[in-house]
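Protein chains in written order, with the numbering used here: chain W, 1 to 135; chain Z, 136 to 270.
Number of protein chains: 2
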Amino acid sequence: MKFSELKVGQKASLVKTFTDEDVRTFAKISLDTNPLHLSDEYAKTTIFGQRIVHGMLTSSLISAVIANKLPGEGTIYLGQELRFLAPVLLNDTITAEVEVAELREDKKIAKLNTVCTNQDGKQVITGIATVKCSQ
Amino acid sequence: MKFSELKVGQKASLVKTFTDEDVRTFAKISLDTNPLHLSDEYAKTTIFGQRIVHGMLTSSLISAVIANKLPGEGTIYLGQELRFLAPVLLNDTITAEVEVAELREDKKIAKLNTVCTNQDGKQVITGIATVKCSQ
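Structure below.
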């Protein structure tokens, strides 16, 4: 989408269920082998009581919405703030939603509110993305 | 590492070369199928001139340093700010370094400066992580 087509309040989202296989694959490519994500036995001893999905894996769904939908093709990712508010459990279904919050016309830069919500409507990650449109 | 063992200025790092296979795997599990990451032909038409590694994939190496090394086991990830300063190209070797910047004793919360640098010493991602120690 061109910068001139963006409007404050526009929204887009993607939904994904994060599986054990996703978590194990992400652990390999990120090197984040925290047993909280990989070992049931270890995870039981933590405050979470069970394995959780890597925060950066869940966050990547935000990046997917930005890259694939809003603003979509040609978007340059300048920054992302993330607040991890609640754990994402294995097989949770997460909706990542992006909403245009602010437009800076001279630089073709947009600020986007970014929220990940689980299947119970609970916000698990919030944040703000800063992106630049190439057109 | 326990909170009481942390000191401002402590550092830890991890190094990883991000390959085409990493990028294709990440595209699948994140749903971020931006052709800038996957198509040589498309990437040539962009300001980058070639395919680049997903920003959130490179950032995940920061999460790995935090989870595996500093503070390490038992760390709860509360937040991460990321600034994507320069592209990471396929087969770039990235060092993610984490440095303890600030300690808040009453809540066992630490702020960490987080920097990813490429093989030429160029900073590609900077940011700040907020973490809580479980002990």
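For every residue, glycine included, the Cβ atom is placed at its ideal position computed from N, Cα and C.
In this chain, the beta strand (DSSP E) harbouring asparagine 248(Z) covers 244-252.
Contact holds between the region 61-75 of chain W and the region 105-120 of chain W, because three or more Cβ pairs, one in each stretch, are under 8 Å apart. Of all residues in the region 62-79 of chain W, only Ser63, Ala64, Ala67, Asn68, Tyr77, Leu78, Gly79 come within less than 7 Å of chain Z when Cβ atoms are compared, listed by chain position. In the same chain as threonine 33(W), and ignoring 5 residues on each side of it, the C-beta atoms closer than 8 Å to its own belong to Ala27, in chain order. Within its own chain, the residues whose Cβ lies closer than 7 Å to the Cβ of valine 223(Z), once the five positions on either side in sequence are excluded, are Phe153, Ile187, Val188, Thr193, Ile229, Asn253, Val259, listed in chain order.
Residue pairing of phenylalanine 219(Z) in beta bridges, as defined by DSSP: Ile260(Z). Sequence-ordered contacts of the region 149-166 of chain Z with chain W read Leu149, Lys151, Asp157, Thr160, Phe161, Ile164, Ser165, Leu166 [C-beta pairs closer than 7 Å]. The three-state secondary structure of leucine 171(Z), taken from DSSP, is helix. Residue pairing for glycine 214(Z): DSSP places it in a beta bridge opposite Arg83(W), Thr265(Z). For a Cβ distance threshold of 8 Å, residue set Leu213, Gly214 of chain Z lies close to arginine 83(W), ordered along the chain. Measuring C-alpha to C-alpha distances from alanine 236(Z) to each of Lys257(Z), Pro206(Z), Phe219(Z), Ile211(Z) identifies Pro206(Z) as the nearest.
The beta carbon of methionine 56(W) falls within 7 Å of a beta carbon belonging to chain Z, placing the residue at that interface.
Judged by DSSP in its simplified three-state form, arginine 159(Z) adopts helix. Sequence-distant Cβ neighbours of glycine 74(W) in its own chain, meaning closer than 7 Å and more than five residues away, are Cys133, Ser134, Gln135. When DSSP states are grouped into helix, strand and coil, lysine 44(W) belongs to the helix group. According to the DSSP secondary-structure assignment, glutamate 237(Z) is paired through a beta bridge with Lys246(Z).
In the DSSP assignment, leucine 89(W) falls outside any alpha helix (DSSP H) and carries neither an H nor an E. Contact between serine 13(W) and glutamate 97(W) holds, with the beta-carbon distance rounding to 4 Å and staying under 8 Å.
Contact with chain Z is found for serine 60(W), since one of that chain's Cβ atoms lies less than 7 Å from the residue's Cβ.
The alpha carbon of valine 131(W) has as its nearest neighbour, out of Gln50(W), Asp120(W), Glu99(W), the alpha carbon of Glu99(W).
The three-state secondary structure of threonine 154(Z), taken from DSSP, is coil.
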